[in-house]
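To start, the structure itself, in structure tokens.
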Amino acid sequence: MRAQGRRTVLLAVLLAALLAALLAGVLAVLCATSAVAVARDRDRADRSQRVSAAADALLVALLDAETGQRGYLLTGDDAFLQPYEEGRQRVPAALERLQAEAAEVPAARAPAQRLAAAVAAKDRLVQRIVALARAGQTDAAVRVVTGGTGKAAMDEVRVQVDEVRAAAGAAAGRARAAADRWLVAALAAAVALAGLVLTLALRRAGAAAHRWRVAHGRGEDRFRRLFEGSVVGMAVLAVPPAGPARVVAVNPVLADLVRVPREGLVGADPLAFVGPQDGAEVADGVRRCASDGVEEYLGERTLQRPDGTTAFVVVSVRPLPEVDGDTGCLLEVLDVTERRVTEAALAHQALHDPLTDLPNRVLALDHLELAVTRLTRVGGLVAVVYVDLDGFKDVNDRRGHAVGDRVLVEQAARLRSVVRDADTAARMGGDEFLVVSPDLASADDALRLARRVVDALGRPLSLGGHAGGGEEVVVTASAAWPWAGPARRRSRSSVRPTARCTTPSAAVGPGRYWPATRRTRARRCRGSRLHPRADVRRRPCGRILVRAPRDVRRRVGRTVRRWWSAEGVGTRC
Numbered sequence: 001m002r003a004q005g006r007r008t009v010l011l012a013v014l015l016a017a018l019l020a021a022l023l024a025g026v027l028a029v030l031c032a033t034s035a036v037a038v039a040r041d042r043d044r045a046d047r048s049q050r051v052s053a054a055a056d057a058l059l060v061a062l063l064d065a066e067t068g069q070r071g072y073l074l075t076g077d078d079a080f081l082q083p084y085e086e087g088r089q090r091v092p093a094a095l096e097r098l099q100a101e102a103a104e105v106p107a108a109r110a111p112a113q114r115l116a117a118a119v120a121a122k123d124r125l126v127q128r129i130v131a132l133a134r135a136g137q138t139d140a141a142v143r144v145v146t147g148g149t150g151k152a153a154m155d156e157v158r159v160q161v162d163e164v165r166a167a168a169g170a171a172a173g174r175a176r177a178a179a180d181r182w183l184v185a186a187l188a189a190a191v192a193l194a195g196l197v198l199t200l201a202l203r204r205a206g207a208a209a210h211r212w213r214v215a216h217g218r219g220e221d222r223f224r225r226l227f228e229g230s231v232v233g234m235a236v237l238a239v240p241p242a243g244p245a246r247v248v249a250v251n252p253v254l255a256d257l258v259r260v261p262r263e264g265l266v267g268a269d270p271l272a273f274v275g276p277q278d279g280a281e282v283a284d285g286v287r288r289c290a291s292d293g294v295e296e297y298l299g300e301r302t303l304q305r306p307d308g309t310t311a312f313v314v315v316s317v318r319p320l321p322e323v324d325g326d327t328g329c330l331l332e333v334l335d336v337t338e339r340r341v342t343e344a345a346l347a348h349q350a351l352h353d354p355l356t357d358l359p360n361r362v363l364a365l366d367h368l369e370l371a372v373t374r375l376t377r378v379g380g381l382v383a384v385v386y387v388d389l390d391g392f393k394d395v396n397d398r399r400g401h402a403v404g405d406r407v408l409v410e411q412a413a414r415l416r417s418v419v420r421d422a423d424t425a426a427r428m429g430g431d432e433f434l435v436v437s438p439d440l441a442s443a444d445d446a447l448r449l450a451r452r453v454v455d456a457l458g459r460p461l462s463l464g465g466h467a468g469g470g471e472e473v474v475v476t477a478s479a480a481w482p483w484a485g486p487a488r489r490r491s492r493s494s495v496r497p498t499a500r501c502t503t504p505s506a507a508v509g510p511g512r513y514w515p516a517t518r519r520t521r522a523r524r525c526r527g528s529r530l531h532p533r534a535d536v537r538r539r540p541c542g543r544i545l546v547r548a549p550r551d552v553r554r555r556v557g558r559t560v561r562r563w564w565s566a567e568g569v570g571t572r573c
């Protein structure tokens, strides 16, 4: 049924097009015929007028000849013979022209022939009078003139001229009338053809307008459904040529994101909820979209809610047709706050120890490299305090991993409390910690930092309600540190490894702290064990070396070849 209906509609359209083409062809032929006929009749009218003009020219030439004849007859002066001769010479030419023009006008042919005969008779009479006068027979010439023969001949010429004029005028009138009729017919045909074309055009325009209204209505309905059901916040903006844009409509997602009712957003400035640092850029993007008609991606921006909270959104602007008489734009706002929070959490997890929440090895070494690089610009000293918890393995083995985790968390909190804000306290793994302290004024600052770390971590720990049953344990810490200055910033190793003394505890003994230098080589730490809280300015009896991880050594550079002596810092080994 649908195929048959389509064929019927197609056949009707083809028949209508064929009929319109046939009618247009007939009207076109009629217009062309009318144009040709009008041109022909106008030419006939022009020829009739030329016949009248030729008859008048013939009459004038004959009168000039008669005037010269009369003057010569009355005065005998040969001067009057000149106009006579000139008039007679024009008569044949005027007569030939009259006959040629009258041949194209049938109604003027007979009058033209009679006029030619009358002119010939009058011309012979004028020639006879002039011949008598020249022969000295003036009396005979006067008698011919006064006899009335010349007047009668001239009157006949005038009568025939009037008949030629009348015939030519009538022919010209008929030709003009016919031309007018053809012109009217051509105009009527043109008007009919124009009316047909206009009617067809109006019908097609009306059908197209109807289809556009239907399609536009469907498009608006589709846009409205997409606008209301979108998971992205949207706002329809009207952008005037001058002045700020205004919100015309918002969808529920954007209203929920801004936490303002939809009625409160309509008519407002869309930049009122954008962060102050992003307002100018968003305004420029909206203006470019309205002027250039291209989509503008404005990237990630901050959204300030009326309740004081902030959301992170991705903003883009698309062009729309005219809205309320101004250029339209569609503002799209995608909430990425959860993604930002998730990314921040993942980044924090990747760079921090999950148990103690201290920076891990990766972040610590990065801060260490930055601190050493900073030496090239501002100078100063950088201390790297390597901390090892003494006896932690026994506590972890005897009391369980839960207690061991509690010990690590508590010691991390203590370590964080004794370092500066500019320092980095990190857990390198197991019971090993690292403190990077940049921008030190002197080596005494590194000594005081190591002392604070060892003192804080050596205080007894209360296990509370954990597996320890409320008991207290003492987990001391050992610390050793190298330091670097600008003169050695490009060295490869700041902490030399040894085969046996691999930790501060192995190097200096539990609960102790000691500066490490390149020349203090280990003798299996023999004689290098100091008493707890020993005066580290006292020259040791043995040489001490701290073994640090290789990645730490690569980032710090070679150890400055100085160590502690009784006189203070600066004595070379």
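Counting in UniProt numbering, the sequence shown runs from 1 upward without gaps. Using N, Cα and C, we set each Cβ at its ideal position, and we do this for glycine too. In this text the structure is predicted, and so the values were computed from the model without any measurement.
> Contact check, Ala55 vs Leu115 under 8 Å by CB: the rounded distance?
Replying inline: About 6 Å separates the two Cβ atoms, so the contact holds.
> What is the DSSP secondary structure of Leu461, counted as helix, strand or coil?
Replying inline: When DSSP states are grouped into helix, strand and coil, Leu461 belongs to the strand group.
> What's the C-alpha gap between Arg459 and Ala450?
Replying inline: 15 Å
> For the putative contact between Cys289 and Glu295, defined by C-beta atoms under 8 Å, what is the C-beta separation to the nearest angstrom?
Replying inline: Contact flag correct, Cβ pair sits at about 7 Å.
>> Determine whether the beta carbon atoms of Ala152 and Ala94 lie at a separation below 7 Å.
In response: no
> With distances taken between CB atoms, is the gap from Leu447 to Phe433 smaller than 7 Å?
Replying inline: With contacts defined by Cβ atoms closer than 7 Å, Leu447 and Phe433 do not form a contacting pair.
>> Would you say the beta carbon of Gly430 is closer than 6 Å to some non-hydrogen atom of the ligand FAD?
In response: The ligand content of the structure shown is nil, which means the ligand FAD is not present either.
> Are Val333 and Val248 touching if we call contact CB-CB under 7 Å?
Replying inline: no
> Per DSSP, what kind of secondary structure is Arg420 in: helix, strand or coil?
Replying inline: coil
>> In whole angstroms, give me the CA-to-CA distance for Val232 and Ala364.
In response: 40 Å
> Could you check where the alpha helix (DSSP H) with Glu96 kicks off and where it finishes?
Replying inline: Leu81 to Ala102
> Counting only runs that start and end within the stretch 350-384, where is the beta strand (DSSP E) found for 3 or more residues in a row?
Replying inline: none
> My guess is that Val274 and Leu237 are in contact by the Cβ rule of under 8 Å, so how many angstroms apart are they, rounded?
Replying inline: That pair is no contact at about 13 Å.
>> Quick check on the DSSP output: the beta strand (DSSP E) that includes Gln304 runs from which residue to which?
In response: Glu296 to Gln304
> What number of angstroms, rounded off, separates the C-alpha of Arg340 from the C-alpha of Ala347?
Replying inline: One C-alpha to the other measures close to 10 Å.
> Per the contact definition of three or more C-beta pairs closer than 8 Å, is the stretch 241-255 in contact with the stretch 292-308?
Replying inline: no
> So, is Leu355 buried or exposed, given that buried needs 16 or more other C-beta atoms within 10 angstroms?
Replying inline: Burial is judged here by how many other beta carbons sit within 10 angstroms of a residue's own beta carbon; Leu355 has fewer than 16 and is exposed.
> Just reading off the alpha helix (DSSP H) that Arg134 is part of, what are its end residues?
Replying inline: Here the alpha helix (DSSP H) through Arg134 covers Arg109 to Arg134.
> Could you give the C-beta distance for Ala192 and Glu156, rounded to a whole number, given that I count them as a contact under 8 Å?
Replying inline: With a Cβ gap of about 54 Å, Ala192 and Glu156 do not count as contacting.
> Counting Cβ pairs closer than 8 Å, one from the stretch 184-191 and one from the stretch 124-135, do we hit at least three?
Replying inline: no
>> For the beta strand (DSSP E) containing Arg246, name the first residue and the last one.
In response: Counting along the chain, the beta strand (DSSP E) containing Arg246 begins and ends at Arg246 to Val250.
> Quick one: Cα of Ser230 to Cα of Leu351, how far?
Replying inline: If I take the Cα positions, the gap works out to 37 Å.
> Since Ala255 contacts Leu271 with CB under 8 Å, what's their CB separation in whole angstroms?
Replying inline: At roughly 17 Å, the Cβ-Cβ gap does not stay under 8 Å, so Ala255 and Leu271 are not in contact.
>> For Ala290, report the span of its alpha helix (DSSP H) as first-last.
In response: Gly279 to Asp292
> For Gly195, is the classification buried or exposed, using 16 other Cβ atoms within 10 angstroms of its Cβ as the cut-off for buried?
Replying inline: Exposed, because fewer than 16 other Cβ atoms sit within 10 Å of the Cβ of Gly195.
> Taking the alpha-carbon positions, what's the Gly527 to Asp455 distance?
Replying inline: In this prediction, Gly527 has a pLDDT of 34, which is less than 50 and means its spatial position is unreliable; nothing more can be read from the coordinates.
> CA-CA distance, Val60 and Tyr84?
Replying inline: 12 Å
>> Classify Lys122: buried if its beta carbon has 16 or more other beta carbons within 10 angstroms, exposed otherwise.
In response: buried
> Phe392 lies in the alpha helix (DSSP H); which residues open and close that run?
Replying inline: Segment Phe392 to Arg399, the alpha helix (DSSP H) holding Phe392.
> If you draw a straight line from the C-alpha of Gly68 to the C-alpha of Val144, how long is it?
Replying inline: 16 Å
> Roughly how many angstroms separate the alpha carbons of Ala443 and Ser437, rounded to a whole number?
Replying inline: 11 Å
> Nearest-angstrom Cα distance between Pro106 and Asp180?
Replying inline: 21 Å
> Rounded to a whole number of angstroms, what is the C-alpha to C-alpha distance between Arg361 and Val239?
Replying inline: 53 Å
>> The beta strand (DSSP E) that contains Thr310, what's its start and end?
In response: Taken as a continuous stretch (DSSP letters only), the beta strand (DSSP E) holding Thr310 covers Thr310 to Val323.
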